[in-house]
Structure formats: structure tokens, C-alpha cells
Amino acid sequence: MHMEHITSLKNPRVQVWRSLKDRKGRRETGCFLAEGRKMVEEALASGFPVEALLVNEARAGEFNLTGDIPVYALPENVLAAVCDTKTPQGVAAVVKAQPNIRLGRRVVALDGVQDPGNVGTIIRTADAAGLGGVILSGQCADVFSPKVLRATMGSVFRMPMVVTDDLPGYLLGLRERGYSVISSQLDGEPFYRRGNVGESFCLIIGNEGNGVSDEVKATATHRVKLPMRGGAESLNAAIAAGIMMYDLMKDEM
């Protein structure tokens, strides 16, 4: 293992790493930044190629750095400039974006979910509930943005994911393969009376303000809503998704 020291914010590598905070930089490089010990460990254990490890030069001895991955030791101020978190944990990884697109039989689709916390929490909850993948429309928050990554707590490295600019077409393809397509919408039937959805299903969660788009609704085999017994008119998208995903998976628990 060779460690290279970089001390300047003007270093070309540092400039590239700093660009990973933005969607444009991630698209141009095909990489994203995993920050903190847990996320770095998840990245190293996954099938995602790790391009480089970045460590706080004052804490480099805390990490078991072996193998052929390039390691760069940075002063605290340089690492802080690269990372999105206010208090970096002393280590980050530059990771090649390589989503696993082998979806399972039970998946969730996000139609324009734009809040990074919601996107990350839904990915994490889908992982916890045992779903086989997440489909995201192109209008969703970027899966590899720092806020989404933090909210997934590492599940992003385990969950098969597809990002598509034609979500209606993708869902119609699932229907042709025998999937039930379940649209969660305010004018749907009560979720707990939904009827049989079969062995393969796709649950759709819509945009926080506008819900599921009409084009996506048109692909549904089931249209459902969670009943509101109290005074609340609706639930946060991630909360609603979690309730429905766990109920749909209850026979597997």
C-alpha cells in the first residue's frame, strides 16, 4: 500500500474530488464520495470499484489500509473541503458508480421523489424489509448525492437500483413480466383491502407535493391509499413507503 500526501486545495485531484458534491461532477467523473468509516467499509465490501481512499493525515494510523487501492493523506482542512459533512470522520472513499440492476420480484419505484432524505430512507427501508430493488425516475434526487448516501446508511451498496427517464415504459415492462403495479395515491382504494398482488409486485411512491404522475398511474394494476383515522391528511413519503413495504412483505417475515 502506497500513501501519497496532498496538502493543497489547488491540487488537481482535490479539485476533482470536491466536484463530487455536485450532480454535474458525479456525472462527468462517474464517481461519488462515500464519507465516514461505516460507508467506506460498506463500499469496500460491495461490488462497487473503489478508486481511492482519502484519510486525515493525522489519523491515518487508525485505519487498516491494505491492498492496491491508492491512498491519499490529506490535512484536516483539505479533507473537510472535499467532504460534504461538517465534521468528517477522517476517511472517505472515491467510488465508481456501478448500480446493480438485477431487480428481484418485489420492488419499489419512486416517481419524482425529490427530498434526499426521503429517497435515502426509502432505499434503507426497502433493504431492511427485504425488497429486491429500487427503481427511480430521472426526476428523483440523485442516489449518489451526499445526503441520499447518508440517509441510506450503506444500503445503497446492497440494493439493486435502476434509474430510468421512462418510468411508465419501465413499469409496463414489469407488467408484461407478471408484476402487479401498485400506485399509492390519495384517490385509491384502502391499502389493506387491496386484494392479491401475487408473488411479484412494484409499489410506486409519488412526488412529495404532486403524488404519482398521471402517466405512471395509468400503468397501475392496483391503486391504493393508506387510511387516515386521525386528523392528519397525509404521511411523509418515506413513512408511507415503509408502512406499505413491510405490510406487503409480512408473509416473508
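For the sequence shown, my numbering begins at 138 and goes up steadily by one. We treat Cβ as the ideally placed atom computed from N, Cα and C, and that holds for glycine.
Sub-8 angstroms separation of Val244 and Val215 beta-carbons: Position 107 of the sequence shown, counted from the first residue, corresponds to residue 244. Position 78 of the sequence shown, counted from the first residue, corresponds to residue 215. Contact flag unset, no.
Could you give the distance in angstroms between the alpha-carbon of Ala266 and the alpha-carbon of Lys362? Taking the first residue of the sequence shown as 1, we reach residue 266 at position 129. Taking the first residue of the sequence shown as 1, we reach residue 362 at position 225. The alpha-carbon atoms of Ala266 and Lys362 are separated by roughly 20 angstroms.
Under 8 angstroms: do the segment 295-306 and the segment 204-219 share three or more Cβ pairs, one atom per stretch? no
Near Glu179, which residues of its chain fall below 6 angstroms by C-beta distance, leaving aside the five closest residues on each side in sequence? Sequence index remark: in the sequence shown, residue 179 carries index 42 (1-based). If we look at Glu179 and ignore the five residues flanking it on each side, its Cβ neighbours are Gly291, Phe294.
Residue(s) in a DSSP beta bridge with Ser317: Walking along the sequence shown from the start, residue 317 turns up at place 180. For Ser317, which the question treats as bridged, DSSP gives the partners Phe338.
C-alpha distance - Gly343 paired with Lys158, whole-angstrom precision: As a position in the sequence shown, residue 343 is number 206, starting the count at 1. As a position in the sequence shown, residue 158 is number 21, starting the count at 1. Distance between the alpha carbons of Gly343 and Lys158: 26 angstroms.
As an exercise, report each continuous beta strand (DSSP E) stretch of at least 3 residues that is fully enclosed by the segment 188-246, in chain order. 208-211, 228-233
So, at 8 angstroms on beta carbons, what are the nonlocal neighbours of Arg314 in its own chain, with the 5 sequence-adjacent residues on each side left out? Position 177 of the sequence shown holds residue 314. Closer than 8 angstroms at the Cβ level, and outside the excluded window around Arg314, lie Ser337.
On the CB-based measure, 16 or more other CB atoms within 10 Å of its CB, does Arg160 come out buried or exposed? Against the sequence shown, residue 160 aligns to sequence position 23. By the neighbour-count rule (16 or more Cβ atoms within 10 Å), Arg160 is not buried but exposed.
Measure the CB-CB distance between Leu309 and Thr356 and report whether it falls below 8 angstroms. Along the sequence shown, read from residue 1 onward, the residue named residue 309 stands at position 172. Along the sequence shown, read from residue 1 onward, the residue named residue 356 stands at position 219. Going by C-beta atoms, Leu309 is nearer than 8 angstroms to Thr356.
Distance check for Leu340 and Arg360, CA to CA, integer angstroms please. Along the sequence shown, read from residue 1 onward, the residue named residue 360 stands at position 223. Along the sequence shown, read from residue 1 onward, the residue named residue 340 stands at position 203. Near 10 angstroms, if we compare the C-alpha coordinates of Leu340 and Arg360.
Buried or exposed: where does Thr224 fall if 16 or more other Cβ atoms within 10 Å of its Cβ makes it buried? Taking the first residue of the sequence shown as position 1, residue 224 is located at position 87. Thr224 comes out exposed.
Which of the three DSSP states, helix, strand or coil, is assigned to Ala171? By one-based count along the sequence shown, residue 171 stands at place 34. Note: Ala171 maps to strand in three-state DSSP.
List the endpoints of the continuous alpha helix (DSSP H) containing Leu286. Within the sequence shown, the letter at position 149 stands for residue 286. Segment 283-289, the alpha helix (DSSP H) holding Leu286.
I need the boundaries of the alpha helix (DSSP H) containing Met88, first residue and last residue. In the structure as shown, the chain starts at 138 and stops at 390, and residue 88 therefore has no counterpart that could be examined.
Measure from the alpha carbon of Met365 to the alpha carbon of each residue in Cys220, Met140, Asp324, Tyr307, then state which is nearest. For the purposes of this step, residue 365 is taken as the residue at position 228 of the sequence shown. Closest by alpha carbon: Asp324.
Answer yes if the segment 247-263 comes into contact with the segment 173-191, meaning at least three C-beta pairs across the two stretches below 8 angstroms, and no otherwise. no
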